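Some notes on the structure that comes next.
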Ligand code: SF4
Ligand code: SF4
């Protein structure tokens with residue numbers, strides 16, 4: 389699988405995870421607050437006044453401890469873990485990263501792999 393194909397797969401998995409999150413709405417965001425209080429995006433360079441400015445799969449798959457402890461989210465968590473396993477196999481998971489960050493990461497990884505490391 390080349391880098392373009394990996395990016396396409398990343399975006400497909402992202403869209404699927406995004407759909408699941410919208411359907412389940414675990415964070416219940418209202419008036420600038422989530423169910424836990426403050427958003428977990430605090431301090432991220434991709435956070436803008438209008439929310440997240442990139443597509444990061446890792447963030448779509450991540451739920452805070454507050455949500456992970458609630459039995460009502462069990463089926464959502466299982467679905468997200470399935471997506472995560474597929475993404476990790478193809479090295480598509482980077483924390484708080486943009487599409488460009490992912491391309492850089494994949495290029496470095498492939499360079500190292502091809503050089504025998
Ligand atoms: S994952 Fe948790 S901390 Fe992050 S927005 Fe949702 S409820 Fe808030
Ligand atoms: S990259 Fe992740 S942590 Fe950063 S603003 Fe977007 S969703 Fe939040």
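In my numbering, the protein residues as written are 389 to 505.
In this text, a Cβ means the ideal position worked out from N, Cα and C, and glycines have one as well.
Only a predicted model underlies this, so the values are computations on that prediction, with no experimental measurement involved.
Exercise for the section: Starting from the C-beta of residue 394, find all residues in its chain whose C-beta is less than 7 Å away, skip the five residues before and the five after it, and write them out in chain order. Expected result: Stepping through the chain shown from its first residue, residue 394 is reached at position 6. Cβ neighbours of residue 394 beyond the five flanking positions: 478, 480, 494.
Problem - Continuous alpha helix (DSSP H) stretch holding residue 499: start and end - result: Taking the first residue of the chain shown as 1, we reach residue 499 at position 111. Per DSSP, residue 499 belongs to the alpha helix (DSSP H) from 487-502.
Exercise for the section: Please find out if some non-hydrogen atom of ligand 1 comes closer than 8 Å to the beta-carbon of residue 424. Expected result: Taking the first residue of the chain shown as 1, we reach residue 424 at position 36. For ligand 1, at least one heavy atom lies less than 8 Å from the Cβ of residue 424.
Handout entry: As assigned by DSSP and simplified to three states, the class of residue 447
Key = As a first step, residue 447 must be located in the chain shown, where it is residue number 59. Residue state, collapsed to three classes: helix.
Handout entry: ligand 2 site residues, beta-carbon cut 6 Å against heavy atoms
Key = 429, 432, 434, 435, 440, 442, 444, 447, 484
Problem - Backbone CA spacing between residue 450 and residue 467 [nearest angstrom] - result: Counting from one through the chain shown, the residue named residue 450 turns up at place 62. Counting from one through the chain shown, the residue named residue 467 turns up at place 79. Each residue's Cα considered, the two are about 12 Å apart.
Practice task
Using only alpha-carbon positions, find the residue among 490, 469, 484, 491 that is nearest to residue 431.
Solution key: Within the chain shown, the letter at position 43 stands for residue 431. The residue with the shortest Cα to Cα distance from residue 431 is 484.
Exercise for the section: Check whether the Cβ atoms of residue 464 and residue 412 sit closer than 9 Å, and answer yes or no. Expected result: Locating residue 464 in the chain shown gives position 76, where the first residue counts as 1. Locating residue 412 in the chain shown gives position 24, where the first residue counts as 1. Going by C-beta atoms, residue 464 is nearer than 9 Å to residue 412.
Handout entry: Cβ neighbours of residue 474 in the same chain (closer than 8 Å, five flanking residues each side left out)
Key = Taking the chain shown and counting its residues from 1, one reaches residue 474 at position 86. Counting only Cβ-Cβ distances below 8 Å, and skipping sequence neighbours, we find 401.
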